[in-house]
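Asks: The structure under discussion is supplied below as structure tokens; questions concerning it will follow.
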């Protein structure tokens, strides 16, 4: 058992079965679907509350996602935020046990294409994160809420998101990295642990 | 201001346990790596697709079985607003490749030491705040287009969900078999 936990990487099928099983648990114990990105709205809203409480309290989107309480939207820490913080801890545990924890500022695939500049990588990460959440909130979910939870419920909304996300991702990857090595399987050292 | 800040402890604990297991699985699967995610969209690494499709098929079987057995009261389907879902998906794909993580895997990536994911999360928080300001405009213009409500493909076609689940399972097994044959390196179990 401990030997398996110490393995640097598990089969994607084992991990997929685990995540599928985890979704059964969230439905059974919490009557909730696995999701992560709504909390970015709650956290952002809580931050805006600190600067302009009246403005945040009456914002239509915060009220839509978190429901109207007396006096409008207020800072919140709910189950999904606990989940999001625990994601960091769970991944740390897995990386630590597997010996794959390492400080990384510029991933190798990025560096091969765009060079070793940390500033350049961080700028892209910031803009990418911004676009990512804007898209997720517009679509009503992300890779977990729509992709996995919605996908497994056979939701029309989620499969619409999933397919358009994939098409856009492929086009973006071609635009950023070109078609030179498109489709050629990466070696395990580059791609994995 | 903070009287309703925390949800009840039991809910928070269940959320935390879920996140702990989810983060552990994502990291062990390798899908918290920028290289793995970006190389999926370049068709150079299929770890992301294998993981997600397996989770969807396994999850679907369990959820619909529990629903039929009355073990769960209902589903938790997000409303179909096709223009928002598709438009948001198109925007999301750009962000996912630029950042190299999705929201959940960015958080998990922080746990394995990926510093660029922290910057991505800061960008995401700013993005969420900006979205909240833009939302009223989108609600008036884009949201009403293709608004179908909280429907599944089973609802839309009046067919049993099991047709779709069996179909998905067949597609998944066929795809996995093909991919495994194509990959030189056998997957370690």
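Protein chains in written order, with this note's numbering: chain Y, 1174 to 1366; chain H, 7 to 195. Where is the CB? At the ideal position from N, CA and C, for every residue including glycine.
Going by alpha carbons, who is nearest to residue 1329(Y) out of 157(H), 163(H), 166(H)?
Replies: Of 157(H), 163(H), 166(H), the residue nearest in Cα terms is 157(H).
Asks: How many Å lie between residue 1200(Y) and residue 1340(Y) at the Cα?
Replies: Roughly 30 Å between the two C-alpha positions.
Asks: For the region 1280-1298 of chain Y, which residues have a CB atom closer than 8 Å to at least one CB atom of chain H, in sequence order?
Replies: Answer in chain order: 1280, 1281, 1282, 1283, 1294, 1295, 1297, 1298.
Asks: Just grab the DSSP bridge partners of residue 155(H) for me.
Replies: Answer is 86(H).
Asks: Assign residue 1350(Y) to one of two classes, buried (16 or more other C-beta atoms within 10 Å of its C-beta) or exposed (fewer than that).
Replies: Under this definition residue 1350(Y) is a buried residue.
Asks: Which residues in the same chain as residue 89(H) place their Cβ atom closer than 6 Å to its Cβ, once the five residues preceding and following it in sequence are excluded?
Replies: Taken in chain order, the residues that qualify are 148, 151, 152.
Asks: So is residue 120(H) in contact with chain Y if we call contact Cβ pairs under 8 Å?
Replies: At least one chain Y Cβ lies under 8 Å of residue 120(H).
Asks: Taking one C-beta from the region 1255-1275 of chain Y and one from the region 15-25 of chain H each time, how about it: are there three or more such pairs within less than 8 Å?
Replies: Contact between the region 1255-1275 of chain Y and the region 15-25 of chain H is present, because at least three Cβ pairs lie under 8 Å.
Asks: Might you give, ordered along the chain, the residues of its own chain that have their beta carbon closer than 6 Å to the beta carbon of residue 1359(Y), omitting 5 neighbours on each side?
Replies: So no residue of the chain qualifies.
Asks: Compare the C-alpha of residue 30(H) against each of 1313(Y), 1267(Y), 1306(Y), 1314(Y) and name the closest.
Replies: The shortest Cα separation from residue 30(H) among 1313(Y), 1267(Y), 1306(Y), 1314(Y) belongs to 1267(Y).
Asks: Would you please verify whether the beta carbon of residue 74(H) is less than 8 Å from any beta carbon of chain Y?
Replies: For residue 74(H), the answer is no, since every Cβ of chain Y falls outside 8 Å of its Cβ.
Asks: Are the CB atoms of residue 97(H) and residue 1311(Y) nearer to each other than 8 Å?
Replies: Taking 8 Å as the Cβ cut-off, residue 97(H) and residue 1311(Y) qualify as a contacting pair.
Asks: From the beta carbon of residue 1175(Y), is the nearest beta carbon of chain H less than 8 Å away?
Replies: Not closer than 8 Å to any Cβ of chain H, the Cβ of residue 1175(Y) fails to qualify, so no.
Asks: Near residue 1322(Y), what residues of its chain come up, given a Cβ to Cβ distance below 7 Å and the 5 sequence neighbours on each side ignored?
Replies: Contacts found: 1196, 1206, 1207, 1208.
Asks: Would you kindly check if the distance between the Cβ of residue 185(H) and the Cβ of residue 49(H) is under 8 Å?
Replies: Contact flag unset, no.
Asks: Could you say which of 103(H), 71(H), 109(H), 75(H) lies nearest to residue 46(H) if we only look at CA atoms?
Replies: Nearest C-alpha to residue 46(H): 103(H).
Asks: Hey, out of 1234(Y), 1271(Y), 1320(Y), whose CA is closest to residue 1180(Y)'s CA?
Replies: Comparing Cα-Cα distances from residue 1180(Y) to each of 1234(Y), 1271(Y), 1320(Y), the minimum goes to 1271(Y).
Asks: What does the Cβ neighbour count give for residue 1227(Y), buried or exposed, with the cut at 16 atoms within 10 Å?
Replies: Answer is exposed; the Cβ neighbour count stays below 16.
Asks: Please confirm if the region 1214-1225 of chain Y is in contact with the region 65-83 of chain H, defined as three or more CB-CB distances below 8 Å between the two stretches.
Replies: With the cut-off at 8 Å, the region 1214-1225 of chain Y and the region 65-83 of chain H do not touch.
Asks: Along the region 1229-1247 of chain Y, what residues have a CB closer than 7 Å to any CB found in chain H?
Replies: Of all residues in the region 1229-1247 of chain Y, 1232, 1233, 1234, 1235, 1242, 1247 have a Cβ within less than 7 Å of some Cβ in chain H.
Asks: Report the rounded CA-to-CA distance for residue 4(H) versus residue 123(H), giving the unit in angstroms.
Replies: Nothing can be reported for residue 4(H): it is not among the residues displayed for chain H, which extend from 7 to 195.
Asks: So residue 1302(Y) and residue 126(H) are supposed to be a Cβ contact under 8 Å. How far apart are they, rounded?
Replies: Contact holds; Cβ gap of about 4 Å.
Asks: Can you check which of these residues, 1262(Y), 1280(Y), 1236(Y), 1187(Y), is closest to residue 21(H) by C-alpha distance?
Replies: Closest option to residue 21(H), Cα to Cα, is 1262(Y).
Asks: Give the DSSP-derived three-state secondary structure of residue 1359(Y) in the structure shown.
Replies: Of the three classes helix, strand and coil, the one that applies to residue 1359(Y) here is coil, per DSSP.
Asks: Residues in the region 1300-1314 of chain Y with C-beta within 8 Å of chain H's C-beta atoms, listed in sequence order?
Replies: Correct list: 1300, 1301, 1302, 1303, 1304, 1305, 1306, 1307, 1308, 1309, 1310, 1311, 1312, 1313, 1314.
Asks: For residue 120(H), which residues does DSSP report across the bridge?
Replies: Note: residue 120(H) sits in a beta bridge opposite 1277(Y).
Asks: Please name the residue, chosen from 114(H), 142(H), 113(H), 120(H), that lies closest to residue 1280(Y) on a Cα-to-Cα basis.
Replies: Minimum Cα distance to residue 1280(Y) is reached at 120(H).
Asks: Give the DSSP-derived three-state secondary structure of residue 1328(Y) in the structure shown.
Replies: Residue 1328(Y) falls in the strand class under three-state DSSP.
Asks: Pick from 95(H), 59(H), 163(H), 143(H): whose alpha carbon is nearest that of residue 174(H)?
Replies: When only C-alpha atoms are compared, the closest one is 59(H).
Asks: Cβ closer than 9 Å: which chain Y residues qualify as neighbours of residue 165(H)?
Replies: Within chain Y, no residue comes near residue 165(H); the closest Cβ sits about 10 Å away, beyond 9 Å.
Asks: What are the residues in the region 1251-1275 of chain Y lying within 8 Å of chain H by C-beta distance?
Replies: So the list reads 1251, 1252, 1253, 1254, 1255, 1256, 1257, 1258, 1259, 1260, 1261, 1262, 1263, 1264, 1265, 1266, 1267, 1268, 1271, 1273, 1274, 1275, given in the order they occur along the chain.
Asks: Given residue 170(H), which residues of its chain have a CB within under 7 Å of its CB, disregarding the five upstream and five downstream residues?
Replies: Same-chain partners within the cutoff: 159, 160.
Asks: Could you compute how far the alpha carbon of residue 142(H) sits from the alpha carbon of residue 67(H)?
Replies: Rounded to whole angstroms, residue 142(H) to residue 67(H) spans 38 Å at the Cα level.
Asks: According to DSSP, simplified to helix, strand and coil, what is residue 1250(Y)?
Replies: Strand.
Asks: Any idea which residues DSSP pairs residue 12(H) with across the strands?
Replies: Partner(s): 1250(Y).
Asks: Quick check on residue 48(H) - is its C-beta less than 8 Å from some C-beta in chain Y?
Replies: Judged by the 8 Å Cβ criterion, residue 48(H) is in contact with chain Y.
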